[in-house]
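S.K.:
2 protein chains.
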Amino acid sequence: MDLRQLRYFTTTVQEKNFSKAAKMLHISQPSLSNAIMKLENEVSLQLLERNTRGLELTEAGGLFYARSVDLLRRFDNMQVELKEMKDVGSGTVSIGSIESFKFWFPKIIRNFKINYPNIHIKISEILGEEKVFDSLNRYNVHFTITNQPINNDEILSTPLYKEKFMLLIHKDDELNEKESITFQDIAKKELIISTTGFQTRDDILRAFKDENAIPNILYEIERLETACSLVEEGLGVTILPESYIKSAATPNTAIRSIDSNFLERTVYLAFLKDRYLSPAVCKLVEDIHCFFRWDVRNDT
Amino acid sequence: MDLRQLRYFTTTVQEKNFSKAAKMLHISQPSLSNAIMKLENEVSLQLLERNTRGLELTEAGGLFYARSVDLLRRFDNMQVELKEMKDVGSGTVSIGSIESFKFWFPKIIRNFKINYPNIHIKISEILGEEKVFDSLNRYNVHFTITNQPINNDEILSTPLYKEKFMLLIHKDDELNEKESITFQDIAKKELIISTTGFQTRDDILRAFKDENAIPNILYEIERLETACSLVEEGLGVTILPESYIKSAATPNTAIRSIDSNFLERTVYLAFLKDRYLSPAVCKLVEDIHCFFRWDVRNDT
DNA sequence: TATATCTATAGTTTAAAGCTATAGTAAGGA
DNA sequence: TCCTTACTATAGCTTTAAACTATAGATATA
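Protein chains in written order, with our numbering: chain V, 1 to 300; chain S, 301 to 600.
If you want it as structure tokens, here you go:
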């Protein structure tokens, strides 16, 4: 048994069809049929139930599929690592990020580029908790900036900074007159919030829960910029990370703080403990840690 | 790149010698040389430093070796799982155990054998904490009875019972006259204890530490029976698990309890969360859990 | 210098993974 | 019911690459 067979098997399962899978794998259909049959003979177990129209996994097939996917992922990850060892100095740094990332990252990158001028930096927005896991485990990113404190056997996350959430309202909103704004006040308003999967959404909904308030969600948006525009048009209020909101203010809006202890999140840097990281990636991680250690010390 | 190449590479690294590795792998030396060279070309990295007399790993080689070993282990584990799926009902249950296991296990096995008369049971003594990990991860055992409360992402351990340690002394020993025996008393005596790596050793030494006493270790033994014999000859005292000591008593020895709260250990059943376990193994694990739940309830 | 011990190269054999062509099987439409 | 469609399996041939043997090259030890 070898990895080729695992690859053949997994794509066959995914395509639920020998002919299509064969096309995906750039081999002929009989070759694939043969390979799968040989595999089944080798383990003396039926792995696929060839039903009329479509394939079903047997119990053994299900186990074999799960294991194969895991093995292939690890194998592919190893090849990424080797490639990164080869391209040391001229490679890529892939970063997963949350929304407020872009406000502090440029400050760090300027200095970093002096040491590693040829490094290519790839930033992708990582939204929900599963995606954070997934993008790390699949080696899509070298590290990720997240509000999830993940700590398991494989992933290590270290806190970078704390960030408050602020309320963005139209300047003519009645709340702007109030001295102190509570969650109960916001509950009466029409709330603009990120759609499911976005990290800020979870933070905000948790705060509502902790404050025993029920949010009146009217708009669900994908980009925080959209939320700002809607507020500007007087269509509702929104809650945004502090770092973000500074750049979002326009003459027609007002930024107010909310009277709550729950509207604060910690932002972490998370990475795989065991993965090989090129010197460039290590340096960048170090720079980020330094930046915030210095930043925090400066604040106090 | 395929698993064959990983296997060739790892054994070459382990043997530090192409010719020997080739023999291990039942292939000719030129075939192996060729395979490794092809591998190095494929990843465009030198993996081995061919020094005069012996091989050295490069940095990339080291990473590749570590990953390969892990991948091969997982791959072999999968094959064990498939084999167990095939042999369901007539397979083997492999158990790792600590010393006191044998006193309660026969009670459970009698009933188990009614349901699974053809199952082969393999018991191996698992000594230190690393061995517990290793034997589980390498699929050497289906589960293990241990005094280590392991809980990580892969291994789950559930408590079975608590067990006191007792003191075994010669019947003429002066301690036999004392009403209450403390660790300070034992510290003055010549102690017989298991060698490094045995689970009881760690438990006992920890208790000495907690009681601020320094053990006077004179004999280190591998089998608890040896400890009993030595005590019978009047060569020292020993500390043994309660369940064990009942069968160890002879006319020339005396069993005494020790005045300490630290001489108790919890015994756990540990297994891999993610591994496929045959119905027989599941039933046996269930039987063991039931036995001790019932046993505990019966005690109180 | 000779010998032992190892790895690399050259050329050949062989196993198996791939191909094309085609047969077999079940579902769906006329 | 029969034909078409959409699949998978079988048969026989081709090609790739992994293995082999024989031998050359390199380096340390006697």
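By construction, the Cβ of each residue, glycine as well, lies at the ideal position given by its N, Cα and C atoms.
Along the chain, where does the beta strand (DSSP E) that runs through LYS462/S open and close?
M.R.: Its beta strand (DSSP E) spans residues 455-470.
S.K.: Does ASP203/V pass the burial test, meaning 16 or more other C-beta atoms within 10 Å, or should it be called exposed?
M.R.: Result: buried.
S.K.: For a quick check, are the C-beta atoms of ASP2/V and ARG374/S less than 8 Å apart?
M.R.: No, the pair does not count as a contact, with Cβ atoms beyond the cut-off.
S.K.: Please look up how many angstroms separate the CB atoms of GLU163/V and VAL267/V, rounded, as I've assumed it's under 8 Å.
M.R.: Yes, they are in contact, since the Cβ atoms of GLU163/V and VAL267/V sit about 6 Å apart, within 8 Å.
S.K.: Taking buried to mean at least 16 other C-beta atoms within 10 Å of its own C-beta, is MET166/V buried or exposed?
M.R.: Per the 10 Å Cβ criterion, buried.
S.K.: Can the beta-carbon of ILE217/V be found closer than 8 Å to that of ILE193/V?
M.R.: Cβ distance < 8 Å, so ILE217/V and ILE193/V count as in contact.
S.K.: Between which two residues does the alpha helix (DSSP H) containing LEU505/S stretch?
M.R.: LEU505/S -> alpha helix (DSSP H) spans 499-510.
S.K.: Should ASP599/S be labelled buried (16 or more other beta-carbon atoms within 10 Å of its own) or exposed?
M.R.: Reliability fails at ASP599/S, whose pLDDT of 48 lies under 50, so the model's placement of it is uncertain and the value that follows must be treated cautiously. Result: exposed.
S.K.: Reducing DSSP to helix, strand and coil, say where THR312/S ends up.
M.R.: If DSSP states are grouped into helix, strand and coil, THR312/S belongs with the helices.
S.K.: Mapping DSSP to helix, strand and coil, what is SER547/S?
M.R.: Note: SER547/S maps to helix in three-state DSSP.
S.K.: When the distance is taken between beta carbons, is PHE498/S closer than 8 Å to LEU427/S?
M.R.: Yes. Within cutoff.
S.K.: Indicate whether at least one CB of chain S lies closer than 8 Å to the CB of VAL43/V.
M.R.: Yes, because at least one Cβ of chain S sits closer than 8 Å to the Cβ of VAL43/V.
S.K.: Tell me the rounded alpha-carbon separation between PHE443/S and ALA570/S.
M.R.: Spanning the two alpha carbons is a distance of roughly 6 Å.
S.K.: By the three-class DSSP mapping on this structure, what secondary structure does GLU122/V have?
M.R.: In the sequence as displayed, the identity of residue 122/V is Lys instead of Glu. It is a strand residue.
S.K.: Within its chain, find whatever has a CB closer than 8 Å to the CB of ILE544/S; leave out the 5 residues flanking it on each side and keep chain order.
M.R.: Before going further, note that residue 544/S is Tyr rather than Ile in the sequence given. The residues are GLU399, SER400, PHE403, LEU524.
S.K.: For THR300/V, which of helix, strand or coil comes out of DSSP?
M.R.: Model confidence at THR300/V stands at a pLDDT of 40, short of 50, so the residue's coordinates are unreliable and nothing is read from them.
S.K.: Can you give me the Cβ contacts of GLN379/S inside the same chain, cut-off strictly under 6 Å, excluding the 5 residues immediately before and after it?
M.R.: Once the five neighbours on either side are set aside, GLN379/S has no close Cβ partner at all.
S.K.: Name the residue from TYR461/S, ASP510/S, ASP434/S, ALA513/S whose alpha carbon lies nearest to the alpha carbon of ILE455/S.
M.R.: For ILE455/S, the nearest C-alpha among the options comes from ASP434/S.
S.K.: Any chance the region 35-54 of chain V sits against the region 355-365 of chain S, with 3 or more Cβ pairs inside 8 Å?
M.R.: They do not touch, by the three-pair rule.
S.K.: Using C-beta distances below 8 Å, list every residue in its chain close to VAL601/S, excluding the 5 sequence neighbours before and after it, in chain order.
M.R.: One cannot answer for residue 601/S here, as it falls past the ends of chain S, which runs 301 to 600.
S.K.: Distance cutoff 8 Å, beta carbons only. Does ASN437/S sit that close to anything in chain V?
M.R.: No, its Cβ sits nowhere closer than 8 Å to a Cβ of chain V.
S.K.: In its own chain, which residues sit with a C-beta less than 6 Å from the C-beta of VAL388/S, not counting the 5 before and 5 after it?
M.R.: The residues are SER578.
S.K.: Taking Cβ-Cβ distances shorter than 8 Å, what residues in chain S pair up with PHE64/V?
M.R.: MET378, LEU382, listed in chain order.
S.K.: Kindly identify the DSSP beta-bridge partner or partners of SER435/S.
M.R.: Answer is none; SER435/S lacks a bridge partner.
S.K.: In angstroms with no decimal places, state the Cα-to-Cα distance between LEU584/S and ASP574/S.
M.R.: Computed Cα separation, rounded: 17 Å.
S.K.: Which one of ILE445/S, LYS383/S, TYR461/S, PHE405/S has the shortest CA to CA distance from GLU564/S?
M.R.: The residue with the shortest Cα to Cα distance from GLU564/S is TYR461/S.
S.K.: Is the CB-CB distance between VAL141/V and SER124/V below 8 Å?
M.R.: It is a contact, given that the beta carbons lie within the stated cut-off.
S.K.: Could you round the C-beta distance between ILE145/V and ILE95/V to whole angstroms and report it? I think they count as a contact, below 8 Å.
M.R.: Contact holds; Cβ gap of about 7 Å.
S.K.: Using only alpha-carbon positions, find the residue among PHE183/V, LYS131/V, ALA280/V, CYS290/V that is nearest to PHE262/V.
M.R.: Comparing Cα positions, the closest option is PHE183/V.
S.K.: What does the alpha-carbon distance come out to for the pair THR226/V and GLU233/V?
M.R.: Going from the Cα of THR226/V to the Cα of GLU233/V covers about 11 Å.
S.K.: I want to see whether chain S comes within less than 8 Å of LYS167/V, judged by CB atoms only; does it?
M.R.: Note that residue 167/V corresponds to Leu in the displayed sequence, not to Lys. By this cut-off, LEU167/V is not an interface position.
S.K.: Measuring CB to CB, does ALA302/V end up less than 8 Å from ASN176/V?
M.R.: The displayed coordinates of chain V run from 1 to 300. Any statement about residue 302/V would go beyond what the structure contains.
S.K.: Can you name, in chain order, every residue of its own chain whose Cβ lies under 6 Å from the Cβ of TYR276/V, other than the five neighbours on each side?
M.R.: Closer than 6 Å at the Cβ level, and outside the excluded window around TYR276/V, lie GLU81.
S.K.: Could you tell me if SER547/S is buried or exposed, where buried requires 16 or more neighbouring beta carbons within 10 angstroms of its beta carbon?
M.R.: So SER547/S ends up on the exposed side.
S.K.: Could you tell me if CYS228/V is buried or exposed, where buried requires 16 or more neighbouring beta carbons within 10 angstroms of its beta carbon?
M.R.: The residue in question, CYS228/V, is buried, as its Cβ has 16 or more Cβ neighbours within 10 Å.
S.K.: Any C-beta of chain V sitting closer than 8 Å to the C-beta of ALA360/S?
M.R.: At least one chain V Cβ lies under 8 Å of ALA360/S.
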